[in-house]
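Asker: Have a look at this one.
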Amino acid sequence: MLHDLSLTERILKLKKEKNAVILAHNYQLGEVQDIADFVGDSLELSQNAAKTTAEVVVFCGVHFMAETAAILCPEMTVLLPDAHAGCPMANMITAEQLRQRKKELPGASVVCYINSTAKVKAESDIGCTSANAVKVVESITNDEILFVPDQYLGHYVSTQTDKKMHFWPGYCPTHVRIQPQDITRVKREYPQAIAVVHPECRPEVIALADEVLSTGGMIRCARREDVSEMIVGTELGIIHRLRKENPGKRFIPASEQAICPNMKLITLEKILWSLEKMAPRVKVTEEIRLKAKASVDRMLAII
Ligand code: 13P
Ligand code: SF4
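In the working numbering, the protein residues as written are 148 to 450.
Take a look at the structure:
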């Protein structure tokens, strides 16, 4: 523990010297969340990045999240403490594949989940996160939508709107591990608990849930007075924050299998190393950045 303490102190000292801010996603390791200046979901993290005055952002999350910060704040140094922390779903569609699909669906507006590369965002009309996907789709005047890359989030949105929606067959390898029988089993064990699931889950899992929420939505739901037990259908890292903020309440993972290995690549040691070396940096070419920013800005404007 002494070792961890001094590691934390060294990070905090360097952070001050470099005028850096540490942003962490709700799925990060507990010790990483605890050292961060801000912990949140993808929407909250991009809003935070858009308004920070720090010179350096240490992004504790996956590549697309750091890239979104670089898209919004070109003058800022954006560090991702492990360059291999990617999101497999984001890599399930390329800009070339999206251009091809757009040719096949010339009448559709393209809504792009933030879990995507900057190049894919640059080919899209508007971005969205799990927290605002329904609102974003509803804000579009066009009735025909091409939703990329998450077929399950897209499917969930289609149940909440009358728009004609086309999906890309992407998915989150972590959330698909949560099976309907997992929800049924824990519901049987904890009949009083509210079951909340992330919209990246399979439709059969979503059908069994009481609420479908972004990770930030789950954090807010847990604070409600009428909630004392919660079945949590998302990545396990969020349990740390839920328990820390709500002592006395019970949080039950829907599945012990729901671990995102990429989110766990960020450690305190790597954060320190990253601040010392000012690497690995996440950069976006100016041509792509401007196009991708237009799509992210359109999303941020409708909240
Ligand atoms: P949230 O925006 O809900 O935090 O989700 C991000 C993510 O990667 C889910 O797998
Ligand atoms: Fe990507 Fe899934 Fe990991 Fe989220 S949990 S970062 S969608 S792989």
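The beta carbon of each residue, even a glycine, is placed where N, CA and C say it ideally should be.
With a threshold of 16 other CB atoms inside 10 Å of the CB of residue 404, please say whether the residue is buried or exposed.
Answerer: Taking the first residue of the sequence shown as position 1, residue 404 is located at position 257. Classification of residue 404: exposed, given that the 10 Å Cβ count is below 16.
Asker: Given the structure, does residue 321 come close to the ligand SF4, in the sense that its CB is under 7 Å from one of the ligand's heavy atoms?
Answerer: Against the sequence shown, residue 321 aligns to sequence position 174. Result yes, Cβ under 7 Å from the ligand SF4.
Asker: So is the beta-carbon of residue 259 under 7 Å away from any non-hydrogen atom of the ligand SF4?
Answerer: Counting from one through the sequence shown, the residue named residue 259 turns up at place 112. Flag unset: Cβ of residue 259 not near the ligand SF4.
Asker: Leaving out five residues before and five after residue 225 in sequence, what residues of the same chain have Cβ atoms less than 7 Å from its Cβ?
Answerer: Translated into the one-based positions of the sequence shown, residue 225 becomes position 78. Around residue 225: 204, 206, 213, 216, 217, 428, 429.
Asker: Over the uninterrupted alpha helix (DSSP H) stretch that includes residue 303, give me the two end residues.
Answerer: As a working mapping, residue 303 is identified with position 156 in the sequence shown. Looking at the DSSP string, the run of the alpha helix (DSSP H) that includes residue 303 is 298-305.
Asker: For residue 235, does the three-state DSSP call read helix, strand or coil?
Answerer: Indexing the sequence shown from 1 puts residue 235 at position 88. Residue 235: coil per DSSP, three-state reduction.
Asker: Only counting the same chain, and skipping five residues up and downstream in sequence, which positions put a Cβ closer than 6 Å to that of residue 383?
Answerer: Position 236 of the sequence shown holds residue 383. 400, 405, 406.
Asker: Can you tell me the Cα-Cα spacing of residue 234 and residue 350, whole angstroms?
Answerer: Within the sequence shown, residue 234 is the residue found at index 87, counting from 1. Within the sequence shown, residue 350 is the residue found at index 203, counting from 1. Their Cα atoms are separated by approximately 21 Å.
Asker: Are the segment 320-331 and the segment 303-311 in contact at 8 Å, needing three or more beta carbon pairs?
Answerer: Judged by Cβ distances under 8 Å, the segment 320-331 makes no contact with the segment 303-311, as fewer than three pairs qualify.
Asker: Could you name each continuous beta strand (DSSP E) segment of 3 residues or more that falls completely within the segment 157-226, going from the start of the chain to the end?
Answerer: Correct list: 167-172, 185-187, 203-207, 224-226.
Asker: Is residue 279 a contact residue of the ligand 13P, with contact defined as CB to any heavy atom under 7 Å?
Answerer: For the purposes of this step, residue 279 is identified with residue 132 of the sequence shown, where counting begins at 1. The answer is no for residue 279.
Asker: Does the distance from the CB of residue 173 to the CB of residue 362 come in under 8 Å?
Answerer: Locating residue 173 in the sequence shown gives position 26, counting from the first residue. Locating residue 362 in the sequence shown gives position 215, counting from the first residue. Yes, Cβ-Cβ distance for residue 173 and residue 362 is below 8 Å.
Asker: Going by DSSP, name the residue or residues bridged to residue 292.
Answerer: Position 145 of the sequence shown, counted from the first residue, corresponds to residue 292. Beta-bridge pairing links residue 292 to 256, 312.
Asker: Can you say whether residue 254 is buried or exposed, counting buried as having 16 or more other CB atoms within 10 angstroms of its CB?
Answerer: Residue 254 sits at position 107 when you count from the first residue of the sequence shown. Exposed.
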